[in-house]
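Written out below as structure tokens is the structure these notes cover.
In the working numbering, the protein residues as written are 7 to 262.
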């Protein structure tokens, strides 16, 4: 079976018939560029490239927009300098602001880009990592066929709030989870519940290893699939992306 051809056909069908909810965070991204990260105690100069609205959920919606998917975005917006920038950007992008809270500002992220392209991230969290139980009453999950989440929303006390919110999703609704670098910080109880809720995993090789304990990427993808019984997507950097399903698996190569 030509997995890539089948996948493309499925995506084209989803564009017109399905609706996606992206639920998570919007933060401020401050991007610096330098030759090499400093060692402890070193004093160096860097170039400020730009300051933009980012965050896992917000970035996903930009991709969905390019792919012409019907989608909505739900991110908490607080009170403060960061929240003001985020609020303006969301309004400019025609996103409804569903969750507003005046007790805390949104967080920000320092992205340091070295000359060779390697990126280092420092996150200063804010409201987006402190989900409130009361927010569940403001979120209607019934219209959605897919819900996209990142690992940041699932660690700590926020994880239990998000799990409670997900109880109202339709039975047929699938969760697309990108745990990211927080894969090792999500509690086992949360993982167990996520695995039982029709969760499609999107991970890189390092995250797959942490999640499954398998060094071999194919063995890891197979084990992850056995946990979820849903497709598993593993990004492989310059080598492309592994797509693992019940029908088979294929590495989708990067076009150069």
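In this text, a Cβ means the ideal position worked out from N, Cα and C, and glycines have one as well.
- Look at residue 99 here: in three-state DSSP terms it is coil, with no helix or strand label.
- In the DSSP assignment, residue 155 forms a beta bridge with 183.
- Secondary structure at residue 29: strand, using DSSP grouped into helix, strand and coil.
- With a cutoff of 8 Å on beta-carbon distance, residue 133 and residue 185 are scored as not near each other.
- A check of alpha carbon separations from residue 106 across 74, 100, 93 identifies 93 as the nearest.
- Membership of residue 53 in the beta strand (DSSP E) is indicated by the continuous run 53 to 60.
- Look at the region 167 to 231 and you find these whole runs of alpha helix (DSSP H), each 4 residues long or longer: 194 to 201, 211 to 218.
- Between the beta-carbon of residue 37 and that of residue 88 there is about 15 Å, and that puts the pair past the 8 Å contact cut.
- In the DSSP assignment, residue 127 falls within the unbroken beta strand (DSSP E) covering 125 to 130.
- Under the DSSP assignment, residue 249 falls in the beta strand (DSSP E) whose first and last residues are 247 to 251.
- Cβ atoms of residue 179 and residue 201 stay farther apart than 8 Å, at about 15 Å.
- In this model, residue 77 and residue 32 are separated by some 16 Å (Cα to Cα).
- Taking residue 29 as reference, the option from 210, 158, 242 with the minimal CA-CA separation is 158.
- For residue 237, the CB contacts under 6 Å within the same chain, skipping 5 residues up- and downstream, are 206, 251 in chain order.
- Residue environment for residue 156: buried (at least 16 other C-beta atoms within 10 angstroms of its C-beta).
- Beta-bridge partners of residue 82 (DSSP): 105.
- Three or more Cβ pairs closer than 8 Å define a contact, and the region 162 to 176 falls short of that threshold against the region 49 to 57.
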